[in-house]
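Here the numbering used here is used: the first residue of the sequence shown is 749, the next is one more, and so on.
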Amino acid sequence: MTVAYIWVRQAGRGRLVPRAPRLLMIAAALVLLPLLQARASEPGSGRTITRHEAPPTSPSPTTPSRPKLIRAFVVDDKLSALRRDPEEGAPVLHRLRLAHQVFLIESRNHSQSTYSRVAVSTRTRGWLHRAAVVVPGRSGDDEALLKLIRSTTDSADRMVLCRIMDDHFKTSPLDKQALLILGEEADRVARSLGKKANKRLTGLKSDALRAQIHDYYVNDPALDKYSRLSVRFKYNQATSEYIYDGAAYSAIIKKFPASEEAAIARQRLEKDAEKLAVRADWLQYEQL
């Protein structure tokens, strides 16, 4: 078969070239294109994968979801034995102190169990009695905490529980009652601390003192554990007594100004202000 050559002038070269090879390449492309499309089709689906469509991937195996961790705080150290297994006779790993933060490991298998799986640290896990902790924001836990506060007889422990209520149940309407109990307990502690400090420091001889007697009272070791609870006392040298600084009462007035507890708090602050005024008068008398 005779192939007809069509001569065209190549741009910029000034010479003639045959056009037949270009026509042959176009014809070959038209023949091969259907074959390429057929190979790109998915077997058995009758669907062709286009240029802009990614091929389907096989579904990956589902990974198990991580257990949910819920922050909680120890409020009953009589039940705070961390056990190796959820059984009464299981070995005790630790005894957790009041206000210790733990994380409950939520599990459907033990939702009705007496013990909860908890994480104490990144390495320590164990089982804790459910009644030993409260969860901020969980319904009913603020009521349970207030009952514990009222039934606790130790002053320091009661203050710790009041702090948990005020720090982690800020939106609870029961917070004002816990703050009032905290202030009243601090007033009782102030009277007790003053009597004990007077017995220890009254016998000190003046020539053996390396500082003012007031400095010995405000640095008394018995104040340390209350200072760690943010409960602070002032010393009134005129009456030889400690006076609570009234921080809990001030918090009630600020957060719940129209409440019955706020009215009581104002009375307590006025009473403490009168005691401090006695000290101011005494200092003026000493300076005369």
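All C-beta atoms in this analysis are idealised placements derived from N, C-alpha and C, irrespective of residue type, glycine included. Note that the coordinates shown come from a computational prediction; the quantities given were computed from them, not determined experimentally.
Query raised in the report: On the three-state DSSP scale, how would you describe L922?
Result: The sequence position of residue 922 within the sequence shown is 174, counting from 1. L922 falls in the coil class under three-state DSSP.
Query raised in the report: In terms of alpha-carbon separation, which member of E1018, F821 and S864 lies closest to D889?
Result: Against the sequence shown, residue 889 aligns to sequence position 141. Of E1018, F821 and S864, the residue nearest in Cα terms is F821.
Query raised in the report: How about S864 and L846: do their beta carbons lie closer than 9 Å?
Result: As a position in the sequence shown, residue 864 is number 116, starting the count at 1. As a position in the sequence shown, residue 846 is number 98, starting the count at 1. Contact: no.
Report task. Taking all protein chains shown into account, decide if T872 is buried (16 or more other Cβ within 10 angstroms of its Cβ) or exposed. Result -> Translated into positions along the sequence shown, residue 872 becomes position 124. Looking at its Cβ environment, which holds fewer than 16 other Cβ atoms inside 10 Å, T872 is exposed.
Report task. Evaluate A959 with the Cβ neighbour count: other Cβ atoms within 10 Å of its Cβ, from every protein chain shown; 16 or more gives buried, anything less gives exposed. Result -> If you number the sequence shown from 1, residue 959 lands on position 211. It counts as exposed.
Query raised in the report: Where do the ends of the beta strand (DSSP E) carrying E989 lie?
Result: As a position in the sequence shown, residue 989 is number 241, starting the count at 1. E989 -> beta strand (DSSP E) spans E989 to Y992.
Query - For E836 and F917, the rounded distance between their alpha carbons - result: Taking the first residue of the sequence shown as position 1, residue 917 is located at position 169. Taking the first residue of the sequence shown as position 1, residue 836 is located at position 88. Answer to the nearest angstrom: the Cα atoms are 31 Å apart.
Query raised in the report: In the structure shown, what three-state DSSP assignment does L941 receive?
Result: Numbered from its first residue, the sequence shown carries residue 941 at position 193. Reduced to three states, the DSSP call for L941 is helix.
Query raised in the report: Under 9 Å between the Cβ atoms of E1018 and K924?
Result: What you label residue 1018 is simply residue 270 of the sequence shown in a count that begins at 1. What you label residue 924 is simply residue 176 of the sequence shown in a count that begins at 1. No, they are not a contact pair.
**Report entry** Between the CA atoms of V850 and T950 - distance to the nearest angstrom
**Finding:** Your numbering for residue 950 matches position 202 in the sequence shown. Your numbering for residue 850 matches position 102 in the sequence shown. Rounded to the nearest whole angstrom, the C-alpha separation of T950 and V850 is 45 Å.
Query raised in the report: Exposed or buried, A1025, counting other C-beta atoms within 10 Å across all chains shown (16 or more means buried)?
Result: Taking the sequence shown and counting its residues from 1, one reaches residue 1025 at position 277. The residue in question, A1025, is exposed, as its Cβ has fewer than 16 Cβ neighbours within 10 Å.
**Report entry** Beta bridge counterpart(s) of I1012 as assigned by DSSP
**Finding:** Within the sequence shown, residue 1012 is the residue found at index 264, counting from 1. Partner(s): none; I1012 has no beta bridge.
Query raised in the report: By DSSP, does A1021 sit in helix, in strand, or in coil?
Result: Reading the sequence shown from its first residue, position 273 is the one you call residue 1021. Helix.
Query raised in the report: Quick one: is V840 buried, meaning 16 or more other Cβ sit within 10 Å of its Cβ, or exposed?
Result: Position 92 of the sequence shown, counted from the start, is the residue given in the question as residue 840. Here V840 is exposed, its C-beta having fewer than 16 other C-beta atoms within 10 Å.
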